[in-house]
Amino acid sequence: MSEEIKDHGAGGETLMQRAMSALHAIGLVVETMHKRLGAVEARCQKADSAVQGLSLRLAGVEDAIDATNASAADVPESTTIKDVIATVDRAAAPSPLFSQPLTAMTPKFI
Numbered sequence: 006m007s008e009e010i011k012d013h014g015a016g017g018e019t020l021m022q023r024a025m026s027a028l029h030a031i032g033l034v035v036e037t038m039h040k041r042l043g044a045v046e047a048r049c050q051k052a053d054s055a056v057q058g059l060s061l062r063l064a065g066v067e068d069a070i071d072a073t074n075a076s077a078a079d080v081p082e083s084t085t086i087k088d089v090i091a092t093v094d095r096a097a098a099p100s101p102l103f104s105q106p107l108t109a110m111t112p113k114f115i
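In the numbering used here, the protein residues as written are 6 to 115.
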């Protein structure tokens, strides 16, 4: 019965044919949008992974700051800069990174 209904303004194709063509076009649009959403989801997952990595690094930095603050709290107020440099020299002595003690590189006015 639908084939009997003609839309004479569309070159004689039936309304059912036009509806099927429209549904097919809508299906193509939906399929394209689904693919794009998949790509966006993948990007969001990568960004989420990056944020988690940065959060872990930040937590490490915060831990280092907390440890430094705790160490600084243990230093008596009578400690001088020379005492600190000497402590660093003793800690770095076995390290090949320091060819000469830090005290040898500090200005004489300290």
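Think of the CB as a built atom: it goes at the ideal place given N, C-alpha and C, for glycine as much as any other residue.
Under the three-state reduction of DSSP output, Thr19 falls in the strand class. Here DSSP, grouped into helix, strand and coil, assigns Val80 to coil.
Secondary structure at Thr85: coil, using DSSP grouped into helix, strand and coil. Each residue's CA atom was taken as its position, placing Lys51 and Val35 some 24 Å apart.
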